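Participant: Numbering (the working numbering) for the sequence shown: 59 to 250. Think of the CB as a built atom: it goes at the ideal place given N, C-alpha and C, for glycine as much as any other residue. Remember, predicted model here, so these are calculated numbers, not experimental data.
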Amino acid sequence: MIYKILFAVLVLAMNFIRLYYMKRYRLHHTKEHEIKPLREKRLTQMMTLTMAVPGLLWLFTPWLAFGQFHLPGVVRIAGVVVGAYSMWWFYRIHKTLGDNWSPFLETRREHTLIVSGAYRHTRHPMYSDMMLWTISFVLITANWFYAATLSIGLAILLIIRIPDEERLMTARFGEQYRAYMAKTKRLIPYIY
Ligand code: SAH
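So, in structure tokens, the structure goes:
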């Protein structure tokens, strides 16, 4: 029960951050160029199916009980700490991107390329942060089925989106983005 509450608090925090920036996005966004909106729509549906739906089922129904495995309490609490840290970063990264943030792959007329803060060493800190919260959710829920759907969902997102996003940013910022790519890693500072 306690893990369900802690999990729900983290998911709520994540949704509050998202909703706040979605509201800003709706108010300020000036669409300039977007990439394959259909593919983006499919990706969003895929994430709902692999991340949100099983998460809600785990929280509110007994249907995923077959997937529970044992994890010591201290490990699950470590998951909560990692989760709280990842939500803090989630907020910070949104703030750093400011009005350049979008739930889709697109640029705005006044788009500026952010290369500092969380973007200093990696080009996709928000996706790295999603890896962090995936680890957190796996530890808290201790459910192999949810662990599998979450990881598959995240892997599909990263494999499809990152190359598309880098193509979009290169088309928009040209040499400036190429130089930024040469100086940074994709997801993990100094490693990949
Ligand atoms: N991939 C990034 C951003 C995800 S949000 C991350 O993981 O942190 C997706 C939007 O961010 C895209 O529509 C793109 O236009 C914008 N974006 C991505 N990298 C950016 C950067 N360095 N500066 C400004 N906007 C960026």
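Assuming contact is defined by CB atoms lying nearer than 8 Å, are Thr242 and His179 in contact in what I supplied?
Facilitator: Start at 1 with the first residue of the sequence shown, and residue 242 comes out as number 184. Start at 1 with the first residue of the sequence shown, and residue 179 comes out as number 121. Contact: yes.
Participant: Return helix, strand or coil for His152, following the three-state DSSP convention.
Facilitator: As a first step, residue 152 is located in the sequence shown; it is residue number 94 there, counting from the start. Helix, per DSSP.
Participant: Along the chain, where does the alpha helix (DSSP H) that runs through His169 open and close?
Facilitator: The residue you call residue 169 lines up with position 111 of the sequence shown. It is not in any alpha helix (DSSP H) - His169 carries neither H nor E in the DSSP assignment.
Participant: Mind reading off the beta-carbon distance from Trp159 to Tyr79? Whole number of angstroms is fine, and I expect it under 8 Å.
Facilitator: Position 101 of the sequence shown holds residue 159. Position 21 of the sequence shown holds residue 79. Contact holds; Cβ gap of about 6 Å.
Participant: Are Thr102 and Leu208 touching if we call contact CB-CB under 8 Å?
Facilitator: Numbered from 1 along the sequence shown, position 44 holds the residue referred to as residue 102. Numbered from 1 along the sequence shown, position 150 holds the residue referred to as residue 208. No, the Cβ-Cβ distance between Thr102 and Leu208 is not below 8 Å.
Participant: Flag Thr165 as yes when its Cβ comes closer than 7 Å to any non-hydrogen atom of the ligand SAH, and as no otherwise.
Facilitator: Residue mapping note: residue 165 aligns to position 107 of the sequence shown, counting from 1. Yes, the beta carbon of Thr165 sits closer than 7 Å to at least one heavy atom of the ligand SAH.
Participant: Check whether the Cβ atoms of Ala200 and Leu117 sit closer than 8 Å, and answer yes or no.
Facilitator: Indexing the sequence shown from 1 puts residue 200 at position 142. Indexing the sequence shown from 1 puts residue 117 at position 59. For Ala200 and Leu117, no; Cβs fall outside 8 Å.
Participant: Note down, one range per segment and in chain order, each alpha helix (DSSP H) of at least 4 residues found wholly within the stretch 176–217.
Facilitator: 183–199
Participant: First and last residue of the alpha helix (DSSP H) that includes Lys62?
Facilitator: As a first step, residue 62 is located in the sequence shown; it is residue number 4 there, counting from the start. Segment 60–86, the alpha helix (DSSP H) holding Lys62.
Participant: In terms of residue numbering, what span does the alpha helix (DSSP H) encompassing Lys99 cover?
Facilitator: Against the sequence shown, residue 99 aligns to sequence position 41. Start and end: 95–105.
Participant: Mark Trp191 as exposed unless 16 or more other C-beta atoms lie within 10 angstroms of its C-beta, in which case mark it buried.
Facilitator: Residue numbering aside, residue 191 sits at position 133 when the sequence shown is read from its first letter. Trp191 is buried by the Cβ-count criterion.
Participant: Measure the beta-carbon distance from Leu129 to Leu197 and round it to whole angstroms, keeping in mind my assumption that it falls under 8 Å.
Facilitator: Residue numbering aside, residue 129 sits at position 71 when the sequence shown is read from its first letter. Residue numbering aside, residue 197 sits at position 139 when the sequence shown is read from its first letter. Correct: roughly 7 Å between the Cβ atoms.
Participant: Starting from Lys243, trace the beta strand (DSSP E) in both directions and tell me its first and last residue.
Facilitator: In the sequence shown, counting from the first residue as 1, residue 243 sits at position 185. Lys243 -> no beta strand (DSSP E), and no H or E assigned at all.
Participant: Does the ligand SAH have even one heavy atom less than 7 Å from the beta-carbon of Met72?
Facilitator: Taking the sequence shown and counting its residues from 1, one reaches residue 72 at position 14. Every heavy atom of the ligand SAH is 7 Å or more from the Cβ of Met72, so no.
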